[in-house]
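Line by line, the protein sequences give chains A and B.
For the first sequence, this note's numbering begins at 19 and goes up steadily by one.
For the second sequence, this note's numbering begins at 8 and goes up steadily by one.
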Amino acid sequence: MPVNLIPEDDLRMALRPHRVDPIAFEADVRQRLEAAETEREDDLLAGLSPLLKSVAALLPLPFITGCKPTGTEAKLAPAAGSIKLLGYLAFPAISLFLLLGAAVFSIVKIRSIQDGNVSRLDDEQAVSEAVREWWQCHQERAWLVFAVTLTLALIGATWLLFLLYIVSFGLLLCVLASFARRGLGNRRLIAQSCLMALVFLGQIASFSGSGDQEIHFVDQLLICPVFLWGALVLMPFVVGTPRRSDTPVMRIQQRNSVILFFVLVVSLTVWFMNPILWPATPSKIQHYVESFEEAPYSSVSWGHWEIVARWTIESKRNPDLSSARRLLAQEISGEQNPFILGSAFRVGLVRADQIGLLKDYEGWRLDGRRRFLETRPITHLNQMDWVIRASVLRNDLSPGERDFLEKRLHATIEDLSDNSNNVLETALRATQLLELIARPIDRDRYRVRVHHWLRKFHCKTVDRFHIAGGFKPYLAAPVGELETTSYAVELMEIYGVPRDLDLNWVRSFLRPPSIRDSGDRKWIAAVTRDRLNHLPGVTQPTWLTVAYYERSLIAAVVLVGLCIYATVTSPQLKPHSQDSEL
Amino acid sequence: MDLTALIDTYRGPLIGLIASWGVPWGDAVEIAQDSFSEAWLRRESCRGDWNEPEVFGRWLRGVALNRYRNWARSRSRRWSRIVPRAPADLEGVAAPADPEPSEYLEALRRAIGRLPARQRQVVLMHYLEETTVNDVAALLSITPKAVEGRLYQARRTLRRLLERDLPALQMGTRLPCP
Numbered sequence: 019m020p021v022n023l024i025p026e027d028d029l030r031m032a033l034r035p036h037r038v039d040p041i042a043f044e045a046d047v048r049q050r051l052e053a054a055e056t057e058r059e060d061d062l063l064a065g066l067s068p069l070l071k072s073v074a075a076l077l078p079l080p081f082i083t084g085c086k087p088t089g090t091e092a093k094l095a096p097a098a099g100s101i102k103l104l105g106y107l108a109f110p111a112i113s114l115f116l117l118l119g120a121a122v123f124s125i126v127k128i129r130s131i132q133d134g135n136v137s138r139l140d141d142e143q144a145v146s147e148a149v150r151e152w153w154q155c156h157q158e159r160a161w162l163v164f165a166v167t168l169t170l171a172l173i174g175a176t177w178l179l180f181l182l183y184i185v186s187f188g189l190l191l192c193v194l195a196s197f198a199r200r201g202l203g204n205r206r207l208i209a210q211s212c213l214m215a216l217v218f219l220g221q222i223a224s225f226s227g228s229g230d231q232e233i234h235f236v237d238q239l240l241i242c243p244v245f246l247w248g249a250l251v252l253m254p255f256v257v258g259t260p261r262r263s264d265t266p267v268m269r270i271q272q273r274n275s276v277i278l279f280f281v282l283v284v285s286l287t288v289w290f291m292n293p294i295l296w297p298a299t300p301s302k303i304q305h306y307v308e309s310f311e312e313a314p315y316s317s318v319s320w321g322h323w324e325i326v327a328r329w330t331i332e333s334k335r336n337p338d339l340s341s342a343r344r345l346l347a348q349e350i351s352g353e354q355n356p357f358i359l360g361s362a363f364r365v366g367l368v369r370a371d372q373i374g375l376l377k378d379y380e381g382w383r384l385d386g387r388r389r390f391l392e393t394r395p396i397t398h399l400n401q402m403d404w405v406i407r408a409s410v411l412r413n414d415l416s417p418g419e420r421d422f423l424e425k426r427l428h429a430t431i432e433d434l435s436d437n438s439n440n441v442l443e444t445a446l447r448a449t450q451l452l453e454l455i456a457r458p459i460d461r462d463r464y465r466v467r468v469h470h471w472l473r474k475f476h477c478k479t480v481d482r483f484h485i486a487g488g489f490k491p492y493l494a495a496p497v498g499e500l501e502t503t504s505y506a507v508e509l510m511e512i513y514g515v516p517r518d519l520d521l522n523w524v525r526s527f528l529r530p531p532s533i534r535d536s537g538d539r540k541w542i543a544a545v546t547r548d549r550l551n552h553l554p555g556v557t558q559p560t561w562l563t564v565a566y567y568e569r570s571l572i573a574a575v576v577l578v579g580l581c582i583y584a585t586v587t588s589p590q591l592k593p594h595s596q597d598s599e600l
Numbered sequence: 008m009d010l011t012a013l014i015d016t017y018r019g020p021l022i023g024l025i026a027s028w029g030v031p032w033g034d035a036v037e038i039a040q041d042s043f044s045e046a047w048l049r050r051e052s053c054r055g056d057w058n059e060p061e062v063f064g065r066w067l068r069g070v071a072l073n074r075y076r077n078w079a080r081s082r083s084r085r086w087s088r089i090v091p092r093a094p095a096d097l098e099g100v101a102a103p104a105d106p107e108p109s110e111y112l113e114a115l116r117r118a119i120g121r122l123p124a125r126q127r128q129v130v131l132m133h134y135l136e137e138t139t140v141n142d143v144a145a146l147l148s149i150t151p152k153a154v155e156g157r158l159y160q161a162r163r164t165l166r167r168l169l170e171r172d173l174p175a176l177q178m179g180t181r182l183p184c185p
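This is the structure we're talking about:
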């Protein structure tokens with residue numbers, strides 16, 4: 019069957035009104051080509067990818083180029099929305115690294131020139147003007163960046179913060195590298211921008227308490243010296259290039275500021291790297307134990323010393339305890355604090371012949387004997403501890419009394435399930451005392467219960483400026499405590515490690531402190547860490563694990579490396595342009 | 008190939024192609040000019056030998072498509088800040104007047120607009136400036152046979168559409184005898 023089709027001539031006729039004049043069309047195309055060629059010659063950013071153009075559009079170009087004429091401004095318009103969004107990723111780095119440095123150094127430079135040679139102000143003011151215009155355009159976003167930076171640091175999300183800056187600075191670095199290939203920008207400008215930002219980040223890292231609520235094996239205050247050393251490395255690029263505009267006085271001031279900054283950085287580094295430069299070695303720990311000549315905080319000091327001293331003795335380092343014995347003799351001749359006596363007995367300082375000097379011994383023993391006849395829990399085991407130990411030392415306990423004492427100690431452990439205070443310490447003391455009276459505990463009987471307590475008192479969420487990962491002395495405590503953590507680790511030596519307890523949290527809590535802890539806490543942390551590392555079946559974290567948990571520190575190092583790379587790869591100042599740059 | 012030859016080859020089909028995407032004719036010409044300009048400027052970035060008509064045709068279509076997308080995005084932004092104008096102002100920028108105004112041609116144009124996308128595409132590309140089937144095929148990266156097939160389908164569809172729209176008498180005077 020034949021088919022009727024629309025005639026082709028009709029179609030041509032229908033579309034004829036839309037035909038264009040070929041000559042005019044080609045002329046328009048050629049006109050566009052000429053305009054594009056001209057624009058390309060003038061445009062610094064013509065060779066950049068759309069992403070880098072988007073980043074460059076956010077830069078104050080006169081500042082980057084040191085007032086070199088830039089022809090056309092960067093335009094965001096041709097970039098697609100997703101590219102623009104990616105481009106905005108560089109905004110934090112631009113705000114922090116370039117603008118902070120630009121603003122501060124512009125003001126300093128203008129002031130110094132005002133004092134000296136007024137005729138050189140043009141370029142400096144142009145740079146300052148560029149920065150000021152940039153602030154006018156982007157100040158809300160810039161303040162937002164600073165606020166986010168501070169907030170992330172204060173809430174402890176340093177990893178996120180540094181990741182953001184690494185990505186951001188990586189993008190900025192690509193633009194700066196492209197500028198460098200075109201001979202724009204200079205090493206001094208980039209160096210001073212990076213320097214200011216690193217000092218700013220270093221300050222944030224020093225006071226923010228970053229990483230306290232995360233697992234870390236080294237103190238996160240180390241991030242501060244990393245940034246400051248980065249700034250110190252960049253310092254020669256800023257002040258090391260003498261300019262004709264610099265007067266001898268200015269050069270002396272610059273030299274003095276470098277020396278001052280160097281001293282400051284070294285001091286802070288030594289301070290913050292205290293645990294690395296002066297680690298708690300076994301010999302130092304032994305020295306601490308042997309030099310225990312005073313207990314400024316009475317039973318607390320004795321309690322701290324006892325934890326360290328017991329480790330030294332168990333490690334068979336044979337410490338000389340004469341100083342501690344002298345201190346104990348003073349205590350025996352004086353107040354006879356039951357907690358101090360407990361510590362002394364546990365370390366083995368008290369001799370059998372000294373027990374007669376303990377005025378409350380017979381009273382406590384008689385009282386205790388009455389209580390032994392009951393099968394009730396011992397309500398203040400920590401105070402009774404020394405009495406039981408003294409009884410064993412003097413062999414005052416009959417087999418019958420030992421049986422009753424065993425029942426009471428078991429009742430004490432059973433009673434802990436309903437208790438919320440000093441549970442871990444009491445459980446440890448009861449277990450140790452059962453061992454002492456030759457009635458060793460059936461570990462399997464209490465293992466599940468002790469593991470439950472360990473999980474219950476383990477503290478992984480803390481308030482600001484407290485370190486997470488320790489064990490709490492009582493349930494309502496807001497933060498873990500070093501002594502209780504030590505007791506918990508000793509309990510784990512006896513009952514094993516709970517399966518779902520991440521020991522890296524405990525390691526993190528016991529990490530060598532920089533400035534927050536001082537005195538004997540350093541030694542307690544060290545010996546507890548050693549006990550933890552020697553728990554049966556416990557392996558050391560792998561390098562990969564360490565790298566993962568120390569990602570903030572690594573990120574800081576990478577960021578510093580990027581800054582140094584950006585500076586080193588920037589073009590050197592030419593002699594004739596030295597006067598015109600900032 | 009020089010620029011003039013390329014423009015002569017692809018001007019008509021490119022404008023037709025862009026118009027087939029729903030762009031008004033005036034804007035389609037602008038986009039086509041921009042596309043020629045950009046494709047020529049960045050021809051070294053083209054994968055393959057750009058002197059080959061098929062290679063340049065594919066490259067030109069890609070550039071035009073990007074230009075069209077930018078135009079579509081900017082149009083949506085423009086619409087948000089549109090300013091009403093007097094009808095007299097709009098007369099100056101209206102489409103060129105039809106030298107032979109007729110109800111049939113108007114109906115045919117409307118019918119072309121209602122064609123399926125692929126058929127409308129080849130009709131506008133082929134008949135706007137008498138472009139060869141081979142050049143249309145090069146720009147679309149399809150075979151000439153496929154272009155011919157679509158053209159045939161389009162003309163048949165157009166006839167059906169026009170039969171519905173126009174009275175039988177008018178159609179009978181226009182259509183050739185079988």
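Glycine included, every Cβ here is placed at the ideal spot set by N, Cα and C.
Sub-8 Å separation of B:D41 and A:R48 beta-carbons: Position 34 of the second sequence, counting from 1, holds the residue named residue 41 of chain B. Position 30 of the first sequence, counting from 1, holds the residue named residue 48 of chain A. Cβ atoms of B:D41 and A:R48: not closer than 8 Å.
Spell out the partners DSSP gives A:N439 in its beta bridges. As a position in the first sequence, residue 439 of chain A is number 421, starting the count at 1. According to DSSP, which records beta bridges pairwise, A:N439 is partnered with A:Y492.
Taking just the CA atoms, how far does B:E170 sit from A:P35? Residue mapping note: residue 35 of chain A aligns to position 17 of the first sequence, counting from 1. Residue mapping note: residue 170 of chain B aligns to position 163 of the second sequence, counting from 1. About 24 Å.
Short of 7 Å in beta carbon distance, which residues of its chain neighbour B:A101, apart from the five on each side in sequence? Order them along the chain. Counted from its first residue, the second sequence places residue 101 of chain B at position 94. Caution applies to B:A101, whose pLDDT of 47 falls short of 50 and renders its modelled position unreliable; the model cannot decide the point.
Against chain B, which members of the stretch 42-53 of chain A pass a CB distance test of less than 9 Å? F43, E44, D46, V47, R48, Q49, R50, L51, A53
Since A:F489 and A:L442 are thought to touch, with beta carbons under 8 Å apart, how far apart are those beta carbons, to the nearest angstrom? In the first sequence, counting from the first residue as 1, residue 489 of chain A sits at position 471. In the first sequence, counting from the first residue as 1, residue 442 of chain A sits at position 424. That pair is a contact at about 6 Å.
Quick one: does A:E601 have its CB under 8 Å from some CB of chain B? Given a span of 19 to 600 for chain A in the structure shown, any question on residue 601 of chain A remains unanswerable.
Within 8 Å (strictly less), CB to CB, does A:P40 reach chain B? Position 22 of the first sequence, counted from the first residue, corresponds to residue 40 of chain A. Chain B, which has a Cβ nearer than 8 Å to the Cβ of A:P40, makes this yes.
Within a Cβ cutoff of 8 Å, which residues of the same chain sit near A:W523, ignoring the five residues on either side of it in sequence? If you number the first sequence from 1, residue 523 of chain A lands on position 505. So the list reads I233, H476, K478, A486, G487, once near-sequence residues are dropped.
Anything in chain A within Cβ reach of B:S44, meaning under 7 Å, just list it in chain order. Counted from its first residue, the second sequence places residue 44 of chain B at position 37. Chain-ordered, the chain A residues with CB closer than 7 Å to the CB of B:S44 read V47, R50, L51, A54.
Chain A partners of B:W32, CB-CB under 7 Å? Taking the first residue of the second sequence as 1, we reach residue 32 of chain B at position 25. Correct list: H36.
Is it right to say A:H552 is buried, meaning 16 or more other beta carbons lie within 10 angstroms of its own, or is it exposed? Residue numbering aside, residue 552 of chain A sits at position 534 when the first sequence is read from its first letter. When all chains shown are included, A:H552 counts as exposed.
Might you give, ordered along the chain, the residues of its own chain that have their beta carbon closer than 6 Å to the beta carbon of A:P395, omitting 5 neighbours on each side? In the first sequence, residue 395 of chain A corresponds to position 377, counting from 1. So the qualifying residues of the chain are A429, T430, D433.
Using a C-beta to C-beta distance shorter than 7 Å, which residues of chain A count as neighbours of B:V47? For the purposes of this step, residue 47 of chain B is taken as residue 40 along the second sequence, with counting starting at 1. Before going on, a small fix: residue 47 of chain B reads as Trp here, not Val. Simply L51.
Whole alpha helix (DSSP H) elements within the stretch 165-250 of chain A, 4-residue minimum: Those alpha helix (DSSP H) runs which fall completely within the stretch 165-250 of chain A and span 4+ residues are 176-199, 205-225.
For the ligand GDP, any of its heavy atoms closer than 7 Å to the Cβ of A:S211? This structure simply doesn't include the ligand GDP, nor any ligand for that matter.
Could you tell me whether any Cβ in chain A is nearer than 8 Å to the Cβ of B:P157? As a first step, residue 157 of chain B is located in the second sequence; it is residue number 150 there, counting from the start. A small fix is needed here, since residue 157 of chain B is Arg in this sequence, not Pro. It does not; no Cβ of chain A falls within 8 Å.
On the criterion of 16 or more Cβ atoms from any shown chain inside 10 Å, does A:F255 qualify as buried, or is it exposed? Along the first sequence, one-based indexing puts residue 255 of chain A at 237. Buried, by the Cβ-count rule.
Beta-carbon neighbours of B:I119, restricted to chain A and to distances below 9 Å: Counting from 1 along the second sequence, the entry for residue 119 of chain B is found at position 112. Those are L29, A32, L33, listed as they occur along chain A.
Three-way DSSP call (helix, strand, coil) for A:E26 in this model: Taking the first residue of the first sequence as position 1, residue 26 of chain A is located at position 8. A:E26 falls in the helix class under three-state DSSP.
Helix, strand or coil: how does DSSP classify B:E137 here? Taking the second sequence and counting its residues from 1, one reaches residue 137 of chain B at position 130. B:E137 falls in the coil class under three-state DSSP.
Does any residue of chain A have a CB that is nearer than 8 Å to the CB of B:Y134? On the second sequence, position 127 is the one that residue 134 of chain B refers to. At least one chain A Cβ lies under 8 Å of B:Y134.
B:C53 and B:F63 look like a contact to me (Cβ under 8 Å); what is the Cβ gap, rounded to whole Å? Against the second sequence, residue 53 of chain B aligns to sequence position 46. Against the second sequence, residue 63 of chain B aligns to sequence position 56. Right, their Cβ atoms sit about 7 Å apart.
In the DSSP assignment, the alpha helix (DSSP H) including A:G352 goes from what residue to what residue? As a position in the first sequence, residue 352 of chain A is number 334, starting the count at 1. From DSSP, A:G352 is part of no alpha helix (DSSP H); its letter is neither H nor E.
Using a Cβ cut-off of 8 Å (strictly closer), state whether A:E91 contacts chain B. The sequence position of residue 91 of chain A within the first sequence is 73, counting from 1. For A:E91, the pLDDT reaches just 46, beneath the cut-off of 50, and the residue's location in the model is therefore unreliable, leaving the point undetermined.
What did DSSP end up calling A:H476 once you bin it into helix, strand or coil? Taking the first sequence and counting its residues from 1, one reaches residue 476 of chain A at position 458. If DSSP states are grouped into helix, strand and coil, A:H476 belongs with the strands.
Under the DSSP definition of a beta bridge, which residues are partnered with A:E499? The sequence position of residue 499 of chain A within the first sequence is 481, counting from 1. Note: A:E499 sits in a beta bridge opposite A:F489.
Segment contact flag, the stretch 406-422 of chain A with the stretch 368-382 of chain A, C-beta cutoff 8 Å, min 3 pairs: yes
Let me make sure I understand the geometry here. Which of A:P266, A:F164, A:Y379 has the alpha-carbon closest to that of A:F218? Against the first sequence, residue 218 of chain A aligns to sequence position 200. Ranking the options by Cα distance to A:F218, first place goes to A:F164.
Whole angstroms is fine: what's the gap from B:Y75's alpha carbon to B:Y159's? Here the question's residue 75 of chain B lines up with position 68 in the second sequence. Here the question's residue 159 of chain B lines up with position 152 in the second sequence. Roughly 28 Å between the two C-alpha positions.
Give me the chain A residues within the contact set of B:D15, using Cβ-Cβ distance strictly less than 9 Å, ordered along the chain. Counting from one through the second sequence, the residue named residue 15 of chain B turns up at place 8. What B:D15 touches in chain A: P40, E44.
Taking 8 Å as the CB-CB limit, is B:Q126 close to chain A? Residue mapping note: residue 126 of chain B aligns to position 119 of the second sequence, counting from 1. B:Q126 does not count as touching chain A.
Can you list, in chain order, the residues of its chain whose CB lies under 7 Å from that of B:E136, leaving out five sequence neighbours each side? Along the second sequence, one-based indexing puts residue 136 of chain B at 129. The residues are R18, G19.
Alpha-carbon to alpha-carbon, B:L24 and B:R65: Locating residue 65 of chain B in the second sequence gives position 58, where the first residue counts as 1. Locating residue 24 of chain B in the second sequence gives position 17, where the first residue counts as 1. Those two C-alpha atoms are separated by around 13 Å.
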